[in-house]
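Undergrad:
Numbering (my numbering), first residue to last: 11 to 246.
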């Protein structure tokens, strides 16, 4: 495969793809990525890394989403508070019964309108589910009643403190790690773009650390890396 340079970028595609994968796969800051690249003799500025993220993150998110396998029909929804520019926001997240992230949406509120917006956001990409699991936030039930397409869906309310919705609650942990590493998110749009790509990268590597034979784990990791390179070639 020819390692070409994307239009108007002085670094080849392999370096850009490597830097972006490091940044979104692991809880690293831009300074950490700079240092890792420096070890390989590659000098990249903060601004260059920032521009790579601005340009490629939305494109990579869409391309990875289109390449994901068909997801399950049992949704688990939850929301977690994050600070963006010092202001409280709510990160709404949905995963399927296998723990794969379906979608995320960063919003300022935690009310019926926000819950409805998230359901509409999900229904643009996925078929109507069979079951929806949520915590006991009243906004979910109110939003479901406002959407006729979801009236026939079974709604199961669980107790968050009892870890009954553990699939989606565990999915919040990498977000918290990145939030701490970045010392908080600065801008809402950039935070949404970063977290959306982070979710797709998490799906891509979701089986890398499970208790499977080493050979199978390495095989899955190799497949994930190959897919990442293909996606980078597609969007560049």
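Using N, Cα and C, we set each Cβ at its ideal position, and we do this for glycine too.
Checking 8 Å against the spacing of the C-beta atoms, do residue 88 and residue 145 come in under that value?
TA: On the chain shown, position 78 is the one that residue 88 refers to. On the chain shown, position 135 is the one that residue 145 refers to. Against a cut-off of 8 Å, the Cβ pair of residue 145 and residue 88 comes out as a contact.
Undergrad: To which residues of the same chain is residue 189 closer than 7 Å at the C-beta, ignoring the five residues directly before and after it?
TA: As a working note, residue 189 is residue 179 in the chain shown. Correct list, in chain order: 92, 195.
Undergrad: Would you call the CB atoms of residue 208 and residue 184 closer than 8 Å?
TA: Position 198 of the chain shown holds residue 208. Position 174 of the chain shown holds residue 184. Taking 8 Å as the Cβ cut-off, residue 208 and residue 184 qualify as a contacting pair.
Undergrad: Please classify residue 59: does DSSP put it in a helix, a strand, or coil?
TA: Here residue 59 corresponds to residue number 49 of the chain shown, with the count starting at 1. DSSP places residue 59 in helix when its eight states are reduced to three.
Undergrad: Over what stretch of residues does the alpha helix (DSSP H) that includes residue 199 continue unbroken?
TA: One-based indexing of the chain shown puts residue 199 at position 189. Taken as a continuous stretch (DSSP letters only), the alpha helix (DSSP H) holding residue 199 covers 198-214.
Undergrad: Consult DSSP for residue 43 and reduce its assignment to one of helix, strand or coil.
TA: As a first step, residue 43 is located in the chain shown; it is residue number 33 there, counting from the start. Here residue 43 sits in helix by DSSP.
Undergrad: If distances are taken between C-alpha atoms only, which option among 124, 78, 119, 123 comes closest to residue 106?
TA: Numbered from its first residue, the chain shown carries residue 106 at position 96. When only C-alpha atoms are compared, the closest one is 78.
Undergrad: What residues are listed by DSSP as bridge partners for residue 97?
TA: To locate residue 97, count along the chain shown from 1; it is residue 87. Answer is 94, bridged to residue 97.
Undergrad: Look up residue 187 in the DSSP assignment and say whether it is helix, strand or coil.
TA: Translated into the one-based positions of the chain shown, residue 187 becomes position 177. In this structure, residue 187 counts as helix in the three-state DSSP scheme.
Undergrad: Would you report the Cα separation of residue 143 and residue 83, rounded to the nearest angstrom?
TA: What you label residue 143 is simply residue 133 of the chain shown in a count that begins at 1. What you label residue 83 is simply residue 73 of the chain shown in a count that begins at 1. Rounded to whole angstroms, residue 143 to residue 83 spans 11 Å at the Cα level.
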